[in-house]
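Residue 53 is where the sequence shown starts when you use my numbering, and the numbers rise one by one after that.
For every residue, glycine included, the Cβ atom is placed at its ideal position computed from N, Cα and C.
Computed from a predicted structure; not experimentally measured.
Reading through the structure tokens given below for one structure.
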Amino acid sequence: PMGGREPGDDLAERQWRNVVQEMAMAAALPAPAVKILDSAAVNAAATRPGQTVIVMGVGGIGVHAVQGAAHAGAMHVIAVDPVEFKREMAMQVGATHAFSKIEDAAEFARSVPNGQGADAAIVTVGVLKEEDVLAAFEAIRKAGIVVVTAVGRRTERINVPAGELTLSHSGAGEMRPFLRIRATGSQL
Numbered sequence: 053p054m055g056g057r058e059p060g061d062d063l064a065e066r067q068w069r070n071v072v073q074e075m076a077m078a079a080a081l082p083a084p085a086v087k088i089l090d091s092a093a094v095n096a097a098a099t100r101p102g103q104t105v106i107v108m109g110v111g112g113i114g115v116h117a118v119q120g121a122a123h124a125g126a127m128h129v130i131a132v133d134p135v136e137f138k139r140e141m142a143m144q145v146g147a148t149h150a151f152s153k154i155e156d157a158a159e160f161a162r163s164v165p166n167g168q169g170a171d172a173a174i175v176t177v178g179v180l181k182e183e184d185v186l187a188a189f190e191a192i193r194k195a196g197i198v199v200v201t202a203v204g205r206r207t208e209r210i211n212v213p214a215g216e217l218t219l220s221h222s223g224a225g226e227m228r229p230f231l232r233i234r235a236t237g238s239q240l
């Protein structure tokens with residue numbers, strides 16, 4: 053059963069097909085598109101060898117952020133997605149760990165050497181919500197980076213204290229701009 057539904061359930065089958073199609077589309081992207089998508093991990097998150105990176109949402113964009121973090125040499129590439137198939141796919145393309153909940157991923161990031169939290173959290177969820185961004189901030193260390201590449205509803209507001217942020221735009225040469233948010237070090 054997927055999500056508590058039996059395989060004969062039409063809704064479950066449609067959801068499963070969507071997941072498989074999304075992953076197949078991501079795998080079929082041309083090399084330049086992959087370069088653009090994994091730049092969220094490498095450029096906007098400033099990923100360096102030995103770092104810990106969390107990718108929230110490992111669908112078509114997130115799976116490439118996982119690959120980018122792995123290629124950049126991150127020691128711990130942590131994939132977070134409620135869908136088991138997506139977590140398994142992330143493990144195949146470079147994730148070192150996978151969790152269904154961000155809280156579990158953040159706890160793991162605090163348990164590894166230098167356990168202050170992740171160096172970066174990249175948010176690539178399907179529909180952005182305030183709780184996603186706040187959870188990403190909770191998962192990073194002081195002066196860590198939160199990169200948001202997800203799209204939210206126009207009415208969605210994200211309330212983060214201004215003293216927590218340094219905002220920068222790194223859209224030069226990329227298909228769409230990324231917003232980099234760096235925590236100043238105090239807790240939310």
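Taking the beta strand (DSSP E) that residue i belongs to, which residues open and close that run?
i: I197; result: I192 to V200
i: I174; result: A170 to V175
i: V107; result: T104 to M108
Report all residues from its chain with a CB closer than 8 Å to the CB of residue i; omit the five preceding and five following residues, and keep chain order.
i: T99; result: A93, V105, G120, A121, A124, G125, A126, D171 and A172
i: A191; result: I106, I154, A157, A158, A161, G169, A170 and A173
i: G178; result: G109, G111 and A202
i: A80; result: Reliability of the predicted coordinates at A80 is poor, the pLDDT of 46 falling under 50, and the value obtained from them is presented with this limitation in mind. Within the same chain, A80 has no close Cβ partners at all.
To which residues of the same chain is residue i closer than 6 Å at the C-beta, ignoring the five residues directly before and after it?
i: Q168; result: R193
i: G114; result: V107 and T176
i: A97; result: A172, I174, I197 and V199
i: K138; result: V110
i: A147; result: V118, V129 and A131
i: P101; result: G125
i: M143; result: A150
Can you tell me which of the three DSSP states residue i falls into?
i: I154; result: helix
i: V164; result: coil
With a cut-off of 9 Å, does the C-beta of residue i fall near any C-beta of chain C?
i: E136; result: Any reference to chain C falls outside this structure, which holds one protein chain only.
Which residues in the same chain as residue i place their Cβ atom closer than 7 Å to its Cβ, once the five residues preceding and following it in sequence are excluded?
i: A188; result: M108, A173, V175 and V198
i: L180; result: V200, A202, V203, G204 and E208
i: I210; result: E182 and V185
i: V164; result: T104 and H128
If you scan the region 110 to 150 from start to end, which runs of the beta strand (DSSP E) of 3 or more residues do you find wholly inside it?
-> 128 to 132
Is it a yes or a no for the region 145 to 153 touching the region 128 to 135, going by three-plus beta-carbon pairs under 8 Å?
-> yes
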